[in-house]
Amino acid sequence: MTKVLITGCAGLFGANYSRHLLKMGHEVVGIDNLSGGFLENIPEGVKFHSFDLLDHIALENLFFWMKPDYVYHFAAYAAVGLSPYIRRFNYQNNMIASANLINECVKSEVKKIVFTSSMDVYGSQQVPFKEELTPLPEDPYGIAKYSVELDLKSASEYFDLKYTIIRPHNVFGVYQNIWDRYRNVIGIWIRQALSGEPITVFGDGSQVRSFSDIQFYMKPLDAIQDDFDGETFNIGADQYITILDLAKLFQDIAEKHVPRPPIKHLEPRKEVHTAYCDHTKAKEKLEFHDGTDIEQLIDKMFVWAKSAPKRKVKNIEYEIEKNMYEFWR
Ligand SMILES: NC(=O)c1ccc[n+]([C@@H]2O[C@H](COP(=O)([O-])OP(=O)(O)OC[C@H]3O[C@@H](n4cnc5c(N)ncnc54)[C@H](O)[C@@H]3O)[C@@H](O)[C@H]2O)c1
Numbered sequence: 668m669t670k671v672l673i674t675g676c677a678g679l680f681g682a683n684y685s686r687h688l689l690k691m692g693h694e695v696v697g698i699d700n701l702s703g704g705f706l707e708n709i710p711e712g713v714k715f716h717s718f719d720l721l722d723h724i725a726l727e728n729l730f731f732w733m734k735p736d737y738v739y740h741f742a743a744y745a746a747v748g749l750s751p752y753i754r755r756f757n758y759q760n761n762m763i764a765s766a767n768l769i770n771e772c773v774k775s776e777v778k779k780i781v782f783t784s785s786m787d788v789y790g791s792q793q794v795p796f797k798e799e800l801t802p803l804p805e806d807p808y809g810i811a812k813y814s815v816e817l818d819l820k821s822a823s824e825y826f827d828l829k830y831t832i833i834r835p836h837n838v839f840g841v842y843q844n845i846w847d848r849y850r851n852v853i854g855i856w857i858r859q860a861l862s863g864e865p866i867t868v869f870g871d872g873s874q875v876r877s878f879s880d881i882q883f884y885m886k887p888l889d890a891i892q893d894d895f896d897g898e899t900f901n902i903g904a905d906q907y908i909t910i911l912d913l914a915k916l917f918q919d920i921a922e923k924h925v926p927r928p929p930i931k932h933l934e935p936r937k938e939v940h941t942a943y944c945d946h947t948k949a950k951e952k953l954e955f956h957d958g959t960d961i962e963q964l965i966d967k968m969f970v971w972a973k974s975a976p977k978r979k980v981k982n983i984e985y986e987i988e989k990n991m992y993e994f995w996r
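Position in the sequence shown counted from 1, then plus 667, gives you our numbering.
Set out below in structure tokens:
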């Protein structure tokens with residue numbers, strides 16, 4: 668039986684991919700500190716360990732006893748817009764935690780570590796972003812992701828660590844944390860709509876993104892397990908949409924579940940205006956196919972969210988308050 672270690676097993680990627688691996692008959696061990704994911708998301712069958720990846724002793728012990736074949740590193744705090752205000756936390760959680768994991772992967776000679784980086788590493792370049800572009804991240808989250816990409820390359824050169832990187836973008840689906848006020852636009856809107864609040868849009872909503880269904884990531888995540896060492900793949904949807912058009916679409920779907928939520932425009936946020944990727948490489952090499960149906964998935968998320976426990980929306984302690992947006996004060 669193949670032993671697979673999943674970090675961030677209580678989050679969107681971890682909860683969905685653990686289920687997929689269990690169905691395929693793998694042994695799945697999961698780590699999560701439950702900072703952004705929930706215990707209820709972890710499927711029965713996962714051998715779950717609740718600790719922080721910053722705890723390198725706990726990590727060392729787990730690797731010693733488990734000796735994983737493969738590691739899928741999903742754990743992170745992916746709040747692009749907030750990352751300049753929580754710099755230290757961002758680098759500890761997304762960079763140092765990854766360094767701890769990479770150390771153990773090298774020591775126990777895993778067959779492969781898969782790292783979920785992000786489209787955010789590209790910054791503001793010509794769309795659609797292609798893998799050959801030199802990353803130019805503009806915020807601490809993207810910088811942390813790119814530094815882990817470089818660290819994996821270094822570990823492979825020094826220690827022959829096998830790794831593959833995927834750069835997802837705007838993924839959504841069931842088990843997403845919809846109670847985080849700082850990230851994941853569709854999740855935020857579902858929570859706002861269910862609470863009878865207006866759905867919020869930063870600035871005029873002309874920002875362009877493309878949204879993909881988590882279910883279409885399972886196949887490429889499998890495909891890179893034993894192949895494509897040292898390679899990087901963009902994974903996500905080809906179809907792009909402005910945030911305002913998405914908000915209007917969202918209103919129509921929301922109406923099936925709650926009174927139609929109005930749209931409220933907030934002050935603009937400093938962010939990359941237009942961001943989506945080219946997926947030719949993943950389509951050709953990994954047989955990746957994206958079949959995202961935004962309307963259907965939002966509808967499914969509403970049904971799921973209505974039956975999910977009521978959770979508190981937490982505020983994060985900012986390290987810098989200078990230039991903080993009104994909406995996050
Ligand atoms: N969802 C997206 O749209 C998207 C886009 C690009 C990249 N990514 C990347 O994909 C990965 C998975 O994203 P997701 O959407 O599943 O995120 P998520 O927030 O749903 O899941 C991350 C999980 O990691 C856990 N975690 C965070 N820090 C930890 C730590 N220090 N120790 C142990 N556990 C920790 C959280 O509790 C959470 O359960 C992340 O690395 C993210 O940066 C996601």
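C-beta atoms are modelled at their ideal positions from N, C-alpha and C, and glycine is treated no differently.
Distance check between L701 and each of V695, H940, L688, G681 places G681 closest, using alpha-carbon atoms only. Per the C-alpha coordinates, the member of E864, L953, S873, E798 positioned closest to Q892 is L953.
For H723, the uninterrupted alpha helix (DSSP H) run begins and ends at 723 to 733, by DSSP. Taking all protein chains in view, the Cβ of H940 is surrounded by fewer than 16 other Cβ atoms within 10 Å, so the residue is classified as exposed.
Excluding five sequence positions before and after N708, the CB atoms of its chain that fall closer than 6 angstroms to its own CB belong to A677, A682, Y842, given in chain order.
Burial state of N851 is buried, judged by a 10 Å Cβ sphere holding 16 or more other Cβ atoms. Here N700 carries a coil assignment [DSSP, helix/strand/coil]. Contact annotation, E816 with K948: C-beta distance approximately 16 angstroms; criterion of less than 8 angstroms not satisfied. Between Y907 and V788, the alpha-carbon positions lie close to 19 angstroms from each other. Ranked by how close their Cα comes to the Cα of E951, the residues W971, D960, I902 have I902 in first place.
In the structure shown, R755 falls within a helical segment according to DSSP collapsed to helix, strand and coil. Under the DSSP definition of a beta bridge, K670 partners with E694. The three-state reading of DSSP puts K829 in coil, since its state is none of H, G, I, E or B. Look at F680: its beta carbon is less than 7 angstroms from one of the heavy atoms in ligand 1.
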